[in-house]
DNA sequence: GACTATAACGAACGAGGGTTCGAAGTTCGA
DNA sequence: TCGAACTTCGAACCCTCGTTCGTTATAGTC
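In structure tokens, the structure reads:
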């Protein structure tokens, strides 16, 4: 591993290429599993030799971590921003879930990897950041749910919602006749009194 | 691999031991992942030498398949039986979900493995049986949902329910203050009009 | 007690795969 | 055009792990 170039002109290409690796890795990991996918296969997909990958990432695990970070960080940021706007609890919940579902379906591969490699993420010091991001997001959702008029106890509503939305990554197809917004509206309708 | 003994007296012990392997494997696979867990570790947990595992299973993958079969087959059977009893759609839905949730929490490790190794199960001829069992169960649930008075379109209700119930395996703790029956009732309450 | 089926051992094999590294190629800036 | 920074190559290293197999121990059966 070498690290990012300091010259700005090169930095851009470096970042783009690195991003491509993450993208292809997410696709491959989602389809064939993290352990099953070899660095050789990943390199071949990118049209690179094996060793070249280590110019962009220090290890296979760091590729996985980049996938998780790129999944969680923008979601957390956008959700925080959204909840800064004052609005009724129902409306906040609706917009939050819509944002969330849209994010999940836009990053389906990332999500599937995130779910499949749960056992890795749960244990291990280096995964602490990812775990706390997820926790922070869950707290945001919990906060909104507590304000909204629900049909069930807020704790169960949170767990149910987490299950519904995360599971969306496993069945959503872009060509399907349900848009992310419709899906989100459906979920919210189940929860609200 | 040797196969089951023909003498009935030994057959019983063989089956019991084999079952222990499945149980320990589910626990280890759920915690550390299927690929990460080695046959050496699994054997050591059982107090066996490595090669002895192959007396009970022809391969590591067959252990995984036993886990999946033991998860799906009883569930499918019990659900089928339940739905043979005549009852109102609401009541059938309630009982089915209660049975389902109880099964999921009683076989949490099996469930977690089943979810984490989705990519393996999705592809591969040898997994056809497991896939069709899951599909059959989903059809059972779909059939009940179509009869019941729901708050949303039955397709989305099915997907939402699948997400909620399956996700239960990830957070349920026996010492928690929600019983499987309460959880199931909460889920059903969300769906019914 | 001897014979046989069963159970377990444990070392070794063989393949696969993550990672390293020094050299070669390429691109940028002056 | 030249030199430095950057990118890529690709073979080799080294270790892990699933699986095999000949042998040894154990337990039912007559």
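Chains as they are written, first to last, in my numbering: chain A, 27 to 219; chain B, 27 to 219.
Just so you know, even glycine gets a beta-carbon here, dropped at the ideal spot from N, CA and C.
This one's a predicted model, so the numbers in the text were calculated from it and none came from an experiment.
Cross-chain neighbours of residue i in chain B, by beta carbon under 7 Å
i                      : result
residue 65 of chain A  : Correct list: empty, because the minimum Cβ distance to chain B is about 15 Å.
residue 88 of chain A  : Result: empty, since nearest Cβ-Cβ is about 17 Å, beyond 7 Å.
residue 197 of chain A : 185
residue 102 of chain A : Those do not exist, as residue 102 of chain A stays about 20 Å from chain B at its closest Cβ, beyond 7 Å.
residue 177 of chain A : 215, 216
residue 119 of chain A : The contacting residues do not exist; residue 119 of chain A stays about 14 Å from chain B at best.
Interface residues of chain A facing residue i [CB-CB closer than 9 Å]
i                      : result
residue 62 of chain B  : 61, 145, 146
residue 193 of chain B : 185, 186, 188, 189, 190, 192, 193
residue 57 of chain B  : 145, 148, 149
residue 109 of chain B : Within 9 Å Cβ-Cβ: nothing; residue 109 of chain B doesn't reach chain A, min ~23 Å.
residue 166 of chain B : The premise fails here: residue 166 of chain B is roughly 17 Å from chain A at the closest Cβ pair, so nothing lies under 9 Å.
residue 68 of chain B  : Simply none; closest approach about 15 Å.
Which of helix, strand or coil DSSP assigns to residue i
i                      : result
residue 138 of chain A : helix
residue 74 of chain B  : coil
residue 204 of chain B : coil
Any non-hydrogen atom of the ligand ADP closer than 7 Å to residue i Cβ
i                      : result
residue 103 of chain A : For the ligand ADP, the structure offers nothing, since it holds no ligand at all.
Range of the contiguous alpha helix (DSSP H) that encloses residue i
i                      : result
residue 197 of chain A : 180 to 197
residue 99 of chain B  : 86 to 110
residue 40 of chain A  : 34 to 58
residue 159 of chain A : 154 to 173
residue 177 of chain B : First-last for residue 177 of chain B: undefined, no H or E at that position.
residue 116 of chain B : 115 to 132
residue 79 of chain B  : Note, residue 79 of chain B: premise wrong, no alpha helix (DSSP H); not H, not E.
residue 146 of chain B : 144 to 148
Proximal chain A residues relative to residue i, where beta-carbon distance stays under 7 Å
i                      : result
residue 213 of chain B : 186
residue 171 of chain B : Neighbours of residue 171 of chain B on chain A: none; closest Cβ ~13 Å, over 7 Å.
residue 142 of chain B : 142, 144, 145
residue 36 of chain B  : By Cβ distance, chain A contributes nothing, its closest Cβ being about 36 Å from residue 36 of chain B, past 7 Å.
residue 122 of chain B : Here the premise fails: no neighbours, minimum Cβ distance about 17 Å.
Cross-chain neighbours of residue i in chain A, by beta carbon under 8 Å
i                      : result
residue 106 of chain B : Simply none; closest approach about 24 Å.
residue 152 of chain B : Correct list: empty, because the minimum Cβ distance to chain A is about 15 Å.
residue 97 of chain B  : Result: empty, since nearest Cβ-Cβ is about 17 Å, beyond 8 Å.
residue 74 of chain B  : The contacting residues do not exist; residue 74 of chain B stays about 23 Å from chain A at best.
residue 125 of chain B : The premise fails here: residue 125 of chain B is roughly 18 Å from chain A at the closest Cβ pair, so nothing lies under 8 Å.
Classification of residue i by the beta-carbon crowding that lies within 10 angstroms, buried from 16 upward
i                      : result
residue 173 of chain B : exposed
residue 106 of chain A : exposed
residue 36 of chain A  : exposed
residue 194 of chain B : buried
residue 141 of chain A : buried
residue 189 of chain B : buried
residue 219 of chain A : exposed
residue 64 of chain B  : exposed
residue 110 of chain A : exposed
residue 103 of chain B : exposed
residue 143 of chain A : buried
residue 38 of chain A  : exposed
residue 124 of chain B : buried
residue 70 of chain B  : exposed
residue 215 of chain B : exposed
residue 212 of chain B : buried
residue 236 of chain A : With chain A covering 27 to 219 only, the question about residue 236 of chain A has no answer from this structure.
residue 183 of chain B : buried
residue 30 of chain A  : exposed
residue 59 of chain B  : buried
Interface partners of residue i on chain B, CB under 9 Å
i                     : result
residue 93 of chain A : None at all; the shortest Cβ gap to chain B is about 15 Å.
Checklist entry - Counting Cβ pairs, one atom from each stretch, are 3 or more of them under 8 Å apart for the region 194 to 209 of chain B and the region 149 to 167 of chain B? => result no
Is the region 124 to 135 of chain B touching the region 49 to 59 of chain B, taking contact as three or more C-beta pairs under 8 Å? yes
Checklist entry - Below 8 Å, can you find three or more Cβ-Cβ pairs linking the region 111 to 125 of chain B to the region 75 to 83 of chain B? => result no
*asked:* I'd like to know if the region 92 to 100 of chain B and the region 87 to 101 of chain A are in contact, where contact means that at least 3 CB-CB pairs between them fall below 8 Å.
replied: Too few Cβ pairs lie closer than 8 Å, so no.
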